[in-house]
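Reading through the structure tokens given below for one structure.
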Amino acid sequence: EDKVVQSPLSLVVHEGDTVTLNCSYEVTNFRSLLWYKQEKKAPTFLFMLTSSGIEKKSGRLSSILDKKELSSILNITATQTGDSAIYLCAGRAGKSTFGDGTTLTVKP
Amino acid sequence: GAVVSQHPSWVICKSGTSVKIECRSLDFQATTMFWYRQFPKQSLMLMATSNEGSKATYEQGVEKDKFLINHASLTLSTLTVTSAHPEDSSFYICSATRGGQNTEAFFGQGTRLTVV
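Protein chains in written order, with the working numbering: chain A, 242 to 349; chain B, 1352 to 1467.
In structure tokens, the structure reads:
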């Protein structure tokens, strides 16, 4: 059975801090790893990673995939209160298997 | 990014009635749509995968006759919760992909279903 594990489950930081969220996966016929941000409603897409070692960046967020270690990290630098959310990662074969998410709280 | 519209965003219904939720891809053709269910403070649980023009593939433990999925066109999939009960109250979310295993999946806004 496919499995995706995220750590930590929750994290509280102060504005300006840098955070690293972890995601490990065991997905048969793995194709890609996806990161999403979920605030009050449905998740919004952040990154899709298919190749190992190539960093994807979007503003203060970046992510990288390590296919050897079957893992990915999501970095957020200079955190802001608006970054407070649940961050979900999913391992995708034909369908996506989601982790339980990391709840990030950024305090002013 | 691609836009997926889900409707309604919330619905309250009586026990025993059926509720239909629509998921539309507005600016692309979605060969595959996924339906998820999410309980409070929990992650997304895949219910079923639907491909246009064919029967949906349900995950283990999901009742096909209770959660009817129709994917009649490349831009529309529907989930009907039949004979709803209070335990069906949940947040239902669809996502859609253009197709191919290396394409992003975009989510609809979700539907909050409350069965009273």
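Even glycine gets a Cβ: it sits at the ideal position worked out from N, Cα and C. Everything numeric in this text was worked out from a predicted model, so none of it was measured.
- Residue 1366/B is outside the set of residues whose beta carbon lies under 9 Å from a beta carbon in chain A.
- Under DSSP, residue 255/A shares a beta bridge with 348/A.
- The residues 246, 311, 312, in chain order, have a CB closer than 7 Å to that of residue 265/A in the same chain once the five nearest residues on each side in sequence are set aside.
- Bounds of the beta strand (DSSP E) holding residue 333/A are 326-333.
- Rounded to the nearest whole angstrom, the CA to CA distance from residue 1407/B to residue 255/A is 45 Å.
- Of all C-beta pairs linking the stretch 328-336 of chain A to the stretch 272-285 of chain A, three or more are shorter than 8 Å, placing the two stretches in contact.
- Between the stretch 1358-1373 of chain B and the stretch 290-303 of chain A, the count of Cβ pairs shorter than 8 Å is below three; the stretches do not touch.
- Not a single CB atom of chain B sits nearer than 9 Å to the CB of residue 298/A.
- In the DSSP assignment, residue 1376/B forms a beta bridge with 1355/B.
- Look at residue 1438/B here: in three-state DSSP terms it is helix.
- Here residue 1383/B carries a strand assignment [DSSP, helix/strand/coil].
- Within 9 Å of the CB of residue 258/A, no CB atom of chain B is found; the nearest one sits about 24 Å away.
- Residue 286/A and residue 1457/B do touch by the CB rule: their CB atoms are close to 6 Å apart, below 8 Å.
- According to the DSSP secondary-structure assignment, residue 1447/B is paired through a beta bridge with 1384/B, 1457/B.
- For residue 1421/B, the enclosing beta strand (DSSP E) stretches over residues 1418-1424.
- Among the residues facing chain B, residue 309/A is not included, as its CB has no counterpart in that chain under 9 Å away.
- Measuring C-alpha to C-alpha distances from residue 314/A to each of 294/A, 284/A, 335/A identifies 294/A as the nearest.
- Looking at the DSSP output, residue 279/A bridges to 327/A.
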